[in-house]
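Heads up: the protein sequence lines correspond to chains A, B, C and D, in order. Residue numbering for the first sequence follows my numbering, beginning at 1 and increasing consecutively. Residue numbering for the second sequence follows my numbering, beginning at 1001 and increasing consecutively. Residue numbering for the third sequence follows my numbering, beginning at 2001 and increasing consecutively. Residue numbering for the fourth sequence follows my numbering, beginning at 3001 and increasing consecutively.
4 protein chains.
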Amino acid sequence: MPKILIVYATDHHSTEKMAQAAAKGAATVPDTTVSVKTAEETTADDLTAADGILIGTPVHMGSMDWRVKKLIDTVFSGLWMKGALNGKVGGVFASGGGIGGGGAGNELTMVSILNNFAELGMVMIPLPLCTPGYADGATQWGPYGRAHNHEGKPVGLTDAQLVTSFHHGANVARVAAALSGTKWFATPS
Amino acid sequence: MPKILIVYATDHHSTEKMAQAAAKGAATVPDTTVSVKTAEETTADDLTAADGILIGTPVHMGSMDWRVKKLIDTVFSGLWMKGALNGKVGGVFASGGGIGGGGAGNELTMVSILNNFAELGMVMIPLPLCTPGYADGATQWGPYGRAHNHEGKPVGLTDAQLVTSFHHGANVARVAAALSGTKWFATPS
Amino acid sequence: MPKILIVYATDHHSTEKMAQAAAKGAATVPDTTVSVKTAEETTADDLTAADGILIGTPVHMGSMDWRVKKLIDTVFSGLWMKGALNGKVGGVFASGGGIGGGGAGNELTMVSILNNFAELGMVMIPLPLCTPGYADGATQWGPYGRAHNHEGKPVGLTDAQLVTSFHHGANVARVAAALSGTKWFATPS
Amino acid sequence: MPKILIVYATDHHSTEKMAQAAAKGAATVPDTTVSVKTAEETTADDLTAADGILIGTPVHMGSMDWRVKKLIDTVFSGLWMKGALNGKVGGVFASGGGIGGGGAGNELTMVSILNNFAELGMVMIPLPLCTPGYADGATQWGPYGRAHNHEGKPVGLTDAQLVTSFHHGANVARVAAALSGTKWFATPS
């Protein structure tokens, strides 16, 4: 019975809506249990109990929200030396403004959360081009929700941006179910 | 008399148009001479003669065009140990498709060209939010031209995307003029 | 019978040795067939036939060797729109000099190859801290071989740097065997 | 009279020592005033008053310390729309453990702080290969202090790692003095 944990920080509910859409997607995978928590309420036990973890964040100045970073520094990092998350499955998503039309820092933001997953020995799930909704709400690293238009005016998330989040949640859960319960990675003999 | 060199690779003339716009911008700075070359025709002498260098590339699978990479590996890298470009001024720009609405890899593409500049000890110029045209053709790392819409259909560059290139060229040339001719960075005594 | 393909470019045989070590590791996974090819001889058929792909490169000025980039631009990118590599498993490794003691660009180099995998919808395998040999030849993104010391003098790869490559090959093959033959990622209905 | 501000977070005084070394370097530039502050005590007024800003951070799980990130989210970002730091000069440095021998995430850490500078329209200063001490304490993005050896054991910073910090501080101050007081970047007419 694979467990999926979705962790997020949010300013104006955009990332929260993406987290909820991802949770709905994950829940479509048979026998999966899903929980959704803010970065501030997530504990080490939550992380070690999960088979798959998604982290979502607003983009601030080209990097993740400080509350997500605090979770990484104070909770995730304590699990690193122990290898407690080795072989679990991870995915990321982000929301952000749209000034400039070029992504405004979402790419390095998502890569830096994947960096945390890589340090922890976690399998990383991308967002394939074939994903429904991709044209409007996606990068290769994960769903990207734009709550603002290219001039920076608030326009709200489009349905497509929630559709990619839904499928990303399902994709992570599906691979987590397949990989759960086996030790995939070499350890000292 | 500061010299600006603009180097590019292009597939369907989008990056080339941005290079030409950047050249026009650079030429507005008094006493500046500007040359525009493809990655394939650029030589070590071209690079060492310049006070400021802009490099533009199409984005392919989230990184720079292989012709730009070949120039870096075979020409730029030979100047690295010599410190031949220390203290010169650099800027980057990119063009790409728009599938997904999130930038499609332009950010890591531009950062990896800046990485080359950093290795060479070059001062790096960003693209400020106040730049005319920013809302339609820009990221913080440099101008971003989108020749395709978010569904991947070719639509051509907008005027705004050439306007940001124009100003990026001028910005680089202005700082290059200010910094030219002085040794700014510490060397072994 | 999972197939693992290991692709590399090499200047002075360091990356080649890492590729061979990764091949030996992959071959320890039951029923796996392994092939090793240079970037220049790799074809689209090689890629689509594989269940798992490792790519190794020297680091040049903070990014991948231009021959690897050419493979990505001219072969991988043709498979992107088709989704031909969706759900396959990928890993990366790099070799480089050691001047500075800080990695000298290996991180962005490996991330940019992972970017190609992400665009193609491939599952990405990290290098866990528990991997034998990690202390001497590793980053979180993949094995890192240092053929030069921190002053830039050639010293050759250490055994540990080949040990991490061996295990990375085995790790990728093991996950590729587990995921092979099933469609994991959502597609348009 | 150029003003240099050096901002840092520290866990076990390594980043703090680098900050102090950078301050000493900056102070060698004639007529320069230098202040050193923790991320938590830095205010918007401190940032707007400075001509050059250096930010230093420990590396945690491949990205910056959450206290630096909080400063960026809550103080720097408020200056972004106003363009209040346009044309100022920035540099970065980091400290970290050494497990793996490959930099352990310092590269993306420093790039993400530069990303903040790029968003703010700031000129970015690299660390040239010719910098005294480079072989032991440097990356192209900035000084890198290793308080631990490649097996993760605490060994303290080397002198070289403080020497690169000293020169990076001086380099940033020297360019900040040259560029101070002029508007370099295009704005809407």
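We treat Cβ as the ideally placed atom computed from N, Cα and C, and that holds for glycine.
query: Alpha carbon of K2024 (chain C) to alpha carbon of L2108 (chain C), nearest angstrom; result: 27 angstroms
query: V155 (chain A) burial status per 10 Å Cβ neighbour count (16 or more: buried); result: exposed
query: Continuous alpha helix (DSSP H) stretch holding S95 (chain A): start and end; result: That residue, S95 (chain A), is in no alpha helix (DSSP H); its beta strand (DSSP E) goes 89 to 96.
query: Environment of F1069 (chain B) [buried if 16+ CB atoms lie within 10 Å]; result: The question names Phe, but residue 1069 (chain B) is Lys in the sequence shown. K1069 (chain B) comes out buried.
query: Assumed close pair M1064 (chain B), F2076 (chain C) - CB separation to whole angstroms, cut-off 8 angstroms; result: Contact doesn't hold; Cβ gap of about 14 angstroms is too wide.
query: Distance between beta carbons of G2078 (chain C) and A2147 (chain C), contact taken as under 8 angstroms; result: Contact doesn't hold; Cβ gap of about 33 angstroms is too wide.
query: Neighbour flag for F1076 (chain B) against chain C, beta carbons, 8 angstroms; result: yes
query: Nearest-angstrom Cα separation, counted from V34 (chain A) out to R2067 (chain C); result: 44 angstroms
query: Reference I3072 (chain D), options D:K3082, D:G3087, D:V3059, D:T3042, closest by Cα; result: D:T3042
query: Alpha carbon of F3117 (chain D) to alpha carbon of G3083 (chain D), nearest angstrom; result: 11 angstroms
query: Selection of the stretch 3005 to 3037 of chain D by Cβ proximity to chain C, strictly under 9 angstroms; result: none
query: Min CB distance S2095 (chain C) to chain B below 8 angstroms; result: no
query: Test: P3126 (chain D) CB closer than 8 angstroms to a CB of chain B; result: yes
query: I113 (chain A) at chain B interface by Cβ criterion, 8 angstroms; result: no
query: Against chain F: residues of the stretch 1129 to 1145 of chain B by CB proximity under 8 angstroms; result: Absent from the structure: chain F. Protein chains present are A, B, C and D.
query: Exposure of P1128 (chain B), with buried meaning 16 or more beta-carbon neighbours within 10 Å; result: buried
query: Candidates A:G145, A:P58, A:M81, A:T15: closest to Q2140 (chain C) by CA position; result: A:M81
query: T1015 (chain B) vs S1095 (chain B) beta-carbon contact at 8 angstroms; result: yes
query: Simplified DSSP assignment, three categories, for G1083 (chain B); result: coil
query: Simplified DSSP state of A3138 (chain D), which is helix, strand or coil; result: strand
query: Closest Cα partner of Q20 (chain A) within the set A:D45, A:G121, A:E119, A:P143; result: A:P143
query: Cβ shell of A119 (chain A) (< 7 angstroms), same chain only, five flanking positions each side left out; result: As written in the sequence, residue 119 (chain A) is Glu, which differs from the Ala given in the question. Correct list, in chain order: W80.
query: Cβ of K2070 (chain C) within 8 angstroms of any chain B Cβ; result: yes
query: For S2112 (chain C), three-class secondary structure by DSSP; result: helix
query: With 16 other Cβ atoms within 10 Å as the buried cut-off, status of S1165 (chain B); result: buried
query: CB contact below 8 angstroms: A2104 (chain C) versus chain D; result: yes
query: Minimum C-alpha distance to L1085 (chain B) - residue among B:G1052, B:M1110, B:K1153; result: B:G1052
query: For R2174 (chain C), the nearest candidate out of C:I2125, C:L2114, C:N2106 (CA to CA); result: C:I2125
query: Straight-line gap, T2074 (chain C) to A2009 (chain C) (C-alpha atoms, nearest Å); result: 15 angstroms
query: Bounding residues of the alpha helix (DSSP H) (the contiguous stretch that carries S2165 (chain C)); result: 2159 to 2179
query: Span of the beta strand (DSSP E) around M5 (chain A); result: Residue identity differs from the one stated: residue 5 (chain A) is Leu in this sequence, not Met. L5 (chain A) -> beta strand (DSSP E) spans 3 to 8.
query: Where the alpha helix (DSSP H) containing G2062 (chain C) begins and where it ends; result: Taken as a continuous stretch (DSSP letters only), G2062 (chain C) belongs to no alpha helix (DSSP H), as it is neither H nor E.
query: Residues that DSSP places opposite S14 (chain A) in a beta bridge; result: DSSP output for S14 (chain A) lists no bridge partner at all.
query: Secondary structure of T2028 (chain C), DSSP reduced to three states; result: coil
query: Boundaries (first-last residue) of the alpha helix (DSSP H) holding T1033 (chain B); result: Counting along the chain, T1033 (chain B) falls outside any alpha helix (DSSP H), though it belongs to the beta strand (DSSP E) covering 1033 to 1038.
query: Identified DSSP bridge partners for V3155 (chain D); result: According to DSSP, which records beta bridges pairwise, V3155 (chain D) is partnered with nothing at all.
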